[in-house]
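Chains as they are written, first to last, in the numbering used here: chain A, 19 to 327; chain X, 151 to 439. Before any comments, here is the structure.
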Amino acid sequence: MSGRGAVALAGGAAALAAAPWVLSDFLLSLTLSCLMYAALAVSWALFSGATHYLSLATAAFFGLGAYVTAWGVAVLPWPVVVIGGGVVASAFAALVGGAVLHLRGAYFAVLTFGLGELVRHAITYFEKSMFRTVGRVLTVTPTTTTVYLTVLALAVAAVATAIVVRRNRFGLALAGIGADEERAQTLGVATRAVKVGGFALSAFFAGAMGAAVTVRWTYIDPPAVFNPFIGFQTVLIAMTGGASTLVGPLASAVVFSLLTEFLRLRFPYAYLLLLGVLLIALVLYLPRGIASLFDRPARATTPETPVRG
Amino acid sequence: MGLWLDLAVAGLITGGMYALVAIGLNLQYGLMRVMNIAHGEFLMVGAYLAWWAHTTTRLNPLLALPLVFVVLFVVGLVVHRLCFRRVAREAPSVEVLEARSLLVGFGLMFLIQNAAFLAWGADLRGYEYLAQPVEIAGARFGANRVLVFGVAVAVSLALLGVLRVTLLGKAVRAMMQSPTGAQLVGIDEKVLHPVVFSAGLALAGVAGALLSMIYEISPSMGEPYTVTALIVITLGGLGSAAGSLVAGLLLGLVETFGTHVSNPSLKPLLSYGVFVAVLVLRPRGLFAR
Chain A
19 MSGRGAVALA
29 GGAAALAAAP
39 WVLSDFLLSL
49 TLSCLMYAAL
59 AVSWALFSGA
69 THYLSLATAA
79 FFGLGAYVTA
89 WGVAVLPWPV
99 VVIGGGVVAS
109 AFAALVGGAV
119 LHLRGAYFAV
129 LTFGLGELVR
139 HAITYFEKSM
149 FRTVGRVLTV
159 TPTTTTVYLT
169 VLALAVAAVA
179 TAIVVRRNRF
189 GLALAGIGAD
199 EERAQTLGVA
209 TRAVKVGGFA
219 LSAFFAGAMG
229 AAVTVRWTYI
239 DPPAVFNPFI
249 GFQTVLIAMT
259 GGASTLVGPL
269 ASAVVFSLLT
279 EFLRLRFPYA
289 YLLLLGVLLI
299 ALVLYLPRGI
309 ASLFDRPARA
319 TTPETPVRG
Chain X
151 MGLWLDLAVA
161 GLITGGMYAL
171 VAIGLNLQYG
181 LMRVMNIAHG
191 EFLMVGAYLA
201 WWAHTTTRLN
211 PLLALPLVFV
221 VLFVVGLVVH
231 RLCFRRVARE
241 APSVEVLEAR
251 SLLVGFGLMF
261 LIQNAAFLAW
271 GADLRGYEYL
281 AQPVEIAGAR
291 FGANRVLVFG
301 VAVAVSLALL
311 GVLRVTLLGK
321 AVRAMMQSPT
331 GAQLVGIDEK
341 VLHPVVFSAG
351 LALAGVAGAL
361 LSMIYEISPS
371 MGEPYTVTAL
381 IVITLGGLGS
391 AAGSLVAGLL
401 LGLVETFGTH
411 VSNPSLKPLL
421 SYGVFVAVLV
431 LRPRGLFAR
């Protein structure tokens, strides 16, 4: 199974790598947006889908990565900036994860959301008092092709990581925590270390993605890069696709990115309104897609989740 | 001395508002584990209702309060019927219920906020009501602010009274303590859940109508109040209405004094800092034993 997944992934990556020389600028940016949400949703599902800890911190990780770019892109080599963004987000996740991962349910969700806002306000304040600025214009940026290939590499790395994690002990421990945390602990899983590790791993991709993507925006300020919308959209994509599956979030990322691209700019309010209705309808009337997230492992082994079987 | 008194009164005025916003949300969460993240949006709707009633019919904003209460109560019944009843029925466990109702809440937030943008546009709206100052202990405050504080605290206390004395209030408290036990002695969940959910929305609406008397309103005004309400109920303890009242006033004071001794742009940092600190150190609230 892993072999087939790896072949499919390698084939897809090779095809997508040719995009900058084949596609028009518009289509390229569309593909980039799909890849970004694919990586965010897959890495979110890697932790939250398996453990059922509903994290709303994606925007915080993304924004931290973006600010690594804002501060470093002019002086550091590009790969260092991107990986640095991931590492900073990861370190932050490990730090707060150690403190808050004993909370469950709405508490955890609300707290992770609050953390995002806390970081946003902290950076706003820091920038204001240290540099007397509210936003930054990025003057030195890599070419569009470099950015695209970086995003592609990150998306591929996220999917590959998800494939590997699902099959090894670490991934099984995460799924065990999701199924019954106390039982997992009794059976000898170091639940705390596994949770913090999973949270930090998932944060790495969100942070690196933030670092890689935001150079395209040229102007960076906290409300834009810590936009809670990024986090919501990620959760929405992963959950509608089925957060315990791998293909679900990928497919759903493409659909939602296209929707966003075509509707959001033309009808911003109507689009978000529609998104709200869609979210409610999905939770109420399509519990299957979401239900797989909460099912016990025995029932999660449906044809949609072949990797676990 | 005069300055500190000044700050204390200003803090209490802000805090009274926070308390009123938080109590409704806290009742909903305490009774049915529905964390309605769209709470602030219903506050915004209440504010627009009061503004609309005042600007079109010259209705006294104080008289608009009961109107807003009734309208949002009905809205609450409809929202509960359409969304949360189904979520509660289908969810296999409390954890799933919490996660799903949170997502439904986010959906409602997108829906209502953007509907308001479409209906009223992004401009700030407002009206003048009782803007002349009054003097309290040597300091001057807008009469409308004092009035808003009075109404907010009165409504909160009235609610506490209802919870403590009436049969309905006792049923609500019983169901919070033990849902199964309450059902066994004949308290009907099918009646209590919609009523409490709608009462929560109605209180948010009243809070919004009060806010429209002192601040300008906009479709995005609700979100900060949702966050504040979350902070307050975390401080005061989930499910405890009295805790919310005290914590609301406390947060108002902390913010006012904190921004005074540091600087105004630290205000959001301060409230989130309090929030995160409490959740990490005392996740059951300040007053939990």
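Built from N, CA and C at the ideal position, the CB exists for glycine as well. Just so it is clear, the structure is predicted and the values come from calculations on it, not from any experiment.
>> Just to make sure I have the definition right: I need the residues of chain A whose C-beta is within less than 9 angstroms of the C-beta of Leu385(X). Which are they?
In response: On the second sequence, residue 385(X) is found 235 positions in, with the first residue counted as 1. Contact of Leu385(X) with chain A by beta-carbon distance below 9 angstroms is absent, the smallest such distance being about 13 angstroms.
>> Please list the terminal residues of the continuous alpha helix (DSSP H) segment that includes Asn294(X).
In response: Numbered from 1 along the second sequence, position 144 holds the residue referred to as residue 294(X). In the DSSP assignment, Asn294(X) falls within the alpha helix (DSSP H) that extends over Ala293 to Val315.
>> Output needed for Asn245(A): all residues of its chain with C-beta closer than 7 angstroms, excluding positions within five of it in sequence on either side, in chain order.
In response: Counting from 1 along the first sequence, the entry for residue 245(A) is found at position 227. So the list reads Ala77, once near-sequence residues are dropped.
> Under a CB-based cut-off of 8 angstroms, is Tyr422(X) close to chain A?
Replying inline: As a working mapping, residue 422(X) is identified with position 272 in the second sequence. It does; some Cβ of chain A falls within 8 angstroms.
> How many angstroms separate the CA atom of Lys417(X) from the CA atom of Gly165(X)?
Replying inline: For this step, residue 417(X) is matched to residue 267 along the second sequence. For this step, residue 165(X) is matched to residue 15 along the second sequence. Distance between the alpha carbons of Lys417(X) and Gly165(X): 14 angstroms.
> Near Ala316(A), what residues of its chain come up, given a Cβ to Cβ distance below 7 angstroms and the 5 sequence neighbours on each side ignored?
Replying inline: For the purposes of this step, residue 316(A) is taken as the residue at position 298 of the first sequence. Bear in mind that the predicted position of Ala316(A) carries a pLDDT of just 43, short of 50, making it unreliable; the figure below should be weighed with that in mind. In the same chain as Ala316(A), and ignoring 5 residues on each side of it, no C-beta atom comes closer than 7 angstroms to its own.
> Can you find a CB in chain A that lies within less than 8 angstroms of the CB of Glu405(X)?
Replying inline: Position 255 of the second sequence, counted from the first residue, corresponds to residue 405(X). No, Glu405(X) lies away from the interface with chain A (no Cβ there is under 8 angstroms from its Cβ).
>> Could you check whether the Cβ of Ala197(A) sits closer than 8 angstroms to any Cβ belonging to chain X?
In response: Mapped onto the first sequence, residue 197(A) falls at position 179. For Ala197(A), the answer is no, since every Cβ of chain X falls outside 8 angstroms of its Cβ.
> Would a C-beta distance cut-off of 8 angstroms place Ala31(A) and Leu170(A) closer than the cut-off?
Replying inline: Residue numbering aside, residue 31(A) sits at position 13 when the first sequence is read from its first letter. Residue numbering aside, residue 170(A) sits at position 152 when the first sequence is read from its first letter. Less than 8 angstroms divides the Cβ of Ala31(A) from the Cβ of Leu170(A).
> Do Leu74(A) and Thr142(A) have their CB atoms nearer than 8 angstroms?
Replying inline: Here residue 74(A) is taken as the residue at index 56 of the first sequence, counted from 1. Here residue 142(A) is taken as the residue at index 124 of the first sequence, counted from 1. The criterion of a C-beta distance shorter than 8 angstroms is not satisfied by Leu74(A) and Thr142(A).
> Is there a Cβ from chain X that is less than 8 angstroms from the Cβ of Lys213(A)?
Replying inline: Indexing the first sequence from 1 puts residue 213(A) at position 195. Lys213(A) does not count as touching chain X.
>> So, does the segment 208-224 of chain A touch the segment 56-63 of chain A, judging by three or more C-beta pairs under 8 angstroms?
In response: Below 8 angstroms, enough C-beta pairs join the segment 208-224 of chain A and the segment 56-63 of chain A to call them touching: three or more.
> Leaving out five residues before and five after Val224(X) in sequence, what residues of the same chain have Cβ atoms less than 8 angstroms from its Cβ?
Replying inline: Here residue 224(X) is taken as the residue at index 74 of the second sequence, counted from 1. Excluding positions up to five away in sequence, the list reads Ser348.
> Using Cβ-Cβ distances below 9 angstroms, what residues of the segment 97-126 of chain A are close to chain X?
Replying inline: Within the segment 97-126 of chain A, those residues whose Cβ lies closer than 9 angstroms to any Cβ of chain X are, in chain order, Val114, Ala117, Val118, His120, Leu121, Arg122, Gly123, Ala124 and Tyr125.
> Counting pairs of beta carbons, one from the segment 378-388 of chain X and one from the segment 212-228 of chain X, are three or more of them closer than 8 angstroms?
Replying inline: No: fewer than three Cβ pairs fall under 8 angstroms.
> What is the C-beta distance between His230(X) and His343(X), in whole angstroms, given that I count them as a contact (C-beta under 8 angstroms)?
Replying inline: By 1-based counting over the second sequence, the position of residue 230(X) is 80. By 1-based counting over the second sequence, the position of residue 343(X) is 193. Cβ-Cβ separation between His230(X) and His343(X): approximately 7 angstroms, consistent with a contact (criterion under 8 angstroms).
> What is the DSSP secondary structure of Val155(A), reduced to helix, strand or coil?
Replying inline: The residue given as residue 155(A) occupies position 137 in the first sequence. It is a strand residue.
> By Cβ distance below 8 angstroms, which residues in the same chain neighbour Val106(A) in space, the five residues on each side in sequence not counted?
Replying inline: As a working mapping, residue 106(A) is identified with position 88 in the first sequence. If we look at Val106(A) and ignore the five residues flanking it on each side, its Cβ neighbours are Leu82, Gly83, Val86 and Gly225.
> According to DSSP, is Pro267(A) helix, strand or coil?
Replying inline: As a working mapping, residue 267(A) is identified with position 249 in the first sequence. Correct three-state label for Pro267(A): helix.
> Using DSSP with H/G/I as helix, E/B as strand and the rest coil, what is Ile163(X)?
Replying inline: Along the second sequence, one-based indexing puts residue 163(X) at 13. Here Ile163(X) carries a helix assignment [DSSP, helix/strand/coil].
> What do you reckon, are the CB atoms on Gly67(A) and Ala261(A) nearer than 8 angstroms?
Replying inline: One-based indexing of the first sequence puts residue 67(A) at position 49. One-based indexing of the first sequence puts residue 261(A) at position 243. Closer than 8 angstroms, so yes.
>> Between Tyr277(X), Leu310(X), Arg236(X) and Gln327(X), which has its C-alpha nearest Leu209(X)'s C-alpha?
In response: Translated into the one-based positions of the second sequence, residue 209(X) becomes position 59. Ranked by how close their Cα comes to the Cα of Leu209(X), the residues Tyr277(X), Leu310(X), Arg236(X) and Gln327(X) have Tyr277(X) in first place.
>> 8 angstroms is my cut-off, CB to CB: does Ser415(X) come that close to chain A?
In response: The sequence position of residue 415(X) within the second sequence is 265, counting from 1. Between Ser415(X) and chain A, the shortest Cβ-Cβ separation is below 8 angstroms.
> If you run the structure through DSSP and keep just helix, strand and coil, what is Tyr71(A)?
Replying inline: Translated into the one-based positions of the first sequence, residue 71(A) becomes position 53. Assigned with DSSP and collapsed to three states, Tyr71(A) falls in coil, not helix or strand.
>> Which of the three DSSP states is assigned to Glu366(X) in this structure?
In response: Taking the second sequence and counting its residues from 1, one reaches residue 366(X) at position 216. Glu366(X): coil per DSSP, three-state reduction.
> Between the segment 396-405 of chain X and the segment 156-165 of chain X, do at least 3 Cβ pairs fall closer than 8 angstroms?
Replying inline: Counting Cβ pairs under 8 angstroms, three or more are found: they touch.
> What's the call for Lys440(X), buried or exposed, on a 16-neighbour Cβ count within 10 Å?
Replying inline: Lying outside 151 to 439, the shown extent of chain X, residue 440(X) is not represented and no answer is given.
> On the three-state DSSP scale, how would you describe Glu405(X)?
Replying inline: In the second sequence, counting from the first residue as 1, residue 405(X) sits at position 255. In the structure shown, Glu405(X) falls within a helical segment according to DSSP collapsed to helix, strand and coil.
>> Can you find the residues in the same chain that come closer than 7 angstroms, C-beta to C-beta, to Gly21(A), ignoring five residues on each side of it along the sequence?
In response: By one-based count along the first sequence, residue 21(A) stands at place 3. Hits under 7 angstroms: none found.
>> Any beta carbon from chain D within less than 8 angstroms of Gly355(X)'s own beta carbon?
In response: Of the protein chains in the structure, A and X, none is chain D.
> Is the shortest distance between the beta-carbon of Gly257(X) and the beta-carbons of chain A less than 8 angstroms?
Replying inline: Taking the first residue of the second sequence as position 1, residue 257(X) is located at position 107. It does; some Cβ of chain A falls within 8 angstroms.
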